[in-house]
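**Q** This structure is in structure tokens; I'll ask about it shortly.
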Amino acid sequence: MIQAPKGTFDVLPDDAARRELLERTAKRILGAAGYQRIETPTFEATELFARGVGEATDIVQKEMYTFDDGGGRSLTLRPEGTAPVCRAYIEHGMHKLPQPVKLWYLSSFYRAEAPQRGRYRQFWQVGAEAIGSAAPEVDAELIVLLAELLEAMSVKGTRLSLASLGTPETRAEYREELTAYLREHEQQLSAEVRDRIDLNPMRAFDASDPSTREIMKGAPKLLDRLSPEDADHFTQVRLLLDDAGIGYDLDPTLVRGLDYYTRTLFEFSSDALGAQSGVGGGGRYDRLMELLDGPPTPGCGWAAGIERTLLSAGELPVQAIVVDLFVSLAGADLGRTAFSLAREARRAGLNAQLELAGRSLRGQLRHADRIGARYVAIVGEEGTSLKNMESGEQLELSPNEVIPAILRGSRLS
Ligand code: AMP
């Protein structure tokens, strides 16, 4: 039996309804703040991600689905949405539009990761990007919008981690300082941390070993090394979040798998999830546009995983589809009359379904009951009977009287 590829899943109708709700909610919340929908291609030139996500990242090193298109071009299934949106911004000269340009998307992404709960090889993200403004209000507004989306989706146990990374130069200097500090205290560090000093000194902050933790208490923090402008920007973002009543933990060790972030960095996680607790996050990427040969343009954005949002969501008010009319037929030769009645009912704005399985009349009525039809029309040789399934009332009508009768009844109820 052929099965869905490892790390992928089918969206079945029940789940589709919850996803639709998320999409509508995102559209309402982001649309109200002036964000407009964008969709970019499923695959892009590999170079876009190599440059825009960063050669050294796990995503580019290990997780991309890259293929040759047969014409000697290397293409990659998009692993994330920010680089493609920035590519589109440059390609369509969006810097000529009033700034910032505010865009949102809901798309599928592809990463060759080891699958587990909440981690797939094809997954969906809803994302928002505001390009063309360095104002701290942009960062704070984006965070507020994501908080509102998660709240509207009843996501449980959310926590917000917040940091500022400064510029790549500040980070490089800080990394040297931290490495030197770790070398100085090498004897007190766990073997694991010691082995990774050059590879990833920041990891030392996450160590559980008591002696390492003691040393890390005295370690220099990136937040204390920010330039005055970057520190001031961060202070403004924090004040706006405080005003908005959004709580957060300052996390000096927050790192996200993408290279292009500058200044603000944030992540929402949920206690309702297991190991993969990140629901959504993002940050500012003021250098990305230049990496993609665009004009220097600041930007900020986030992406939230659809699957993890729904995994950590509470009960959602998913509406069942109302069936106004089920068209059944008393004999096989009445198919054309029944078919056109169903079609006309839909043109009149009713949700109408037609018998399609050749059931007996009794079977048709049972089916109409099962799908919760409000009315059943039984198309017969002599005319059509219309049954109100709630009251049990039955009218004998000519076919062209059926739809007006339902519409009249709907207005009354
Ligand atoms: P990132 O683009 O890595 O910053 O991820 C943003 C969000 O996308 C995460 O918080 C997750 O909710 C979701 N996400 C990232 N990778 C995966 C994956 N492999 N499977 C499912 N969701 C993912």
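In short: position in the sequence shown from 1, add 360, done, that's this note's numbering.
Just so you know, even glycine gets a beta-carbon here, dropped at the ideal spot from N, CA and C.
Quick caveat: nothing in here was measured; it's all calculated off a predicted structure.
If residue 505 and residue 390 are in contact, beta carbons under 8 Å, what's the gap, nearest whole angstrom?
**A** Sure, about 6 Å apart at Cβ, within 8 Å.
**Q** Under 7 Å from any heavy atom of the ligand AMP, does the C-beta of residue 312 make it?
**A** What the structure shows of the chain is the stretch from 361 to 773, and residue 312 is not part of that stretch, so it cannot be assessed.
**Q** Whose CA, out of 725, 722 and 701, lies closest to the CA of residue 811?
**A** Outside the displayed span of the chain (361 to 773) sits residue 811, for which this structure offers no information.
**Q** Distance check for residue 574 and residue 541, CA to CA, integer angstroms please.
**A** Their backbone Cα atoms lie some 13 Å apart in a straight line.
**Q** Could you tell me the boundaries of the beta strand (DSSP E) in which residue 462 lies?
**A** 461 to 470 is the span of the beta strand (DSSP E), which, as asked, contains residue 462.
**Q** With a 10 Å radius around its C-beta and 16 neighbouring C-beta atoms as the bar for buried, classify residue 747 as buried or exposed.
**A** Buried.
**Q** Indicate, with yes or no, if the ligand AMP has a heavy atom lying under 7 Å from the CB of residue 421.
**A** It does not: the Cβ of residue 421 is nowhere closer than 7 Å to a heavy atom of the ligand AMP.
**Q** Which residues in the same chain have their Cβ closer than 6 Å to the Cβ of residue 756, if we skip the five residues on either side of it in sequence?
**A** If we look at residue 756 and ignore the five residues flanking it on each side, its Cβ neighbours are 743 and 745.
**Q** Please determine whether the Cβ atom of residue 664 lies at a distance below 7 Å from any heavy atom of the ligand GTP.
**A** Annotation note on the ligand GTP: not contained in the displayed structure, which lists the ligand AMP as its ligands.
**Q** Of all the beta strand (DSSP E) runs that stay within the bounds of the stretch 409 to 454, which reach a length of 3 or more residues?
**A** You should have 426 to 428 and 434 to 437.
**Q** Is the Cβ-Cβ distance between residue 526 and residue 586 less than 8 Å?
**A** The answer is yes: Cβ separation under 8 Å.
**Q** Runs of 3 residues minimum, wholly inside the stretch 607 to 680: which ones carry the beta strand (DSSP E) assignment?
**A** Segments of the beta strand (DSSP E) lying fully in the stretch 607 to 680: 622 to 630, 638 to 644 and 659 to 665.
**Q** Roughly how many whole angstroms lie between the Cα atoms of residue 642 and residue 660?
**A** For residue 642 and residue 660, the distance between alpha carbons rounds to 8 Å.
**Q** On the premise that residue 513 lies in contact with residue 382, defined as a C-beta separation below 8 Å, what is that separation, rounded to the nearest angstrom?
**A** Sure, about 6 Å apart at Cβ, within 8 Å.
**Q** From residue 428 to residue 402, what does the alpha carbon distance come to, in whole angstroms?
**A** Straight-line Cα distance between these residues: approximately 15 Å.
**Q** Confirm, please, whether the CB-CB distance from residue 364 to residue 370 is below 8 Å.
**A** Yes. Within cutoff.
**Q** Please classify residue 678 as buried or exposed, where buried requires at least 16 other C-beta atoms within 10 Å of its C-beta.
**A** The residue in question, residue 678, is exposed, as its Cβ has fewer than 16 Cβ neighbours within 10 Å.
**Q** Is any heavy atom of the ligand AMP found at a distance shorter than 7 Å from the C-beta of residue 659?
**A** Not so, every heavy atom of the ligand AMP lies at least 7 Å from the Cβ.
**Q** Pick helix, strand or coil for residue 549, following the three-state DSSP scheme.
**A** Note: residue 549 maps to coil in three-state DSSP.
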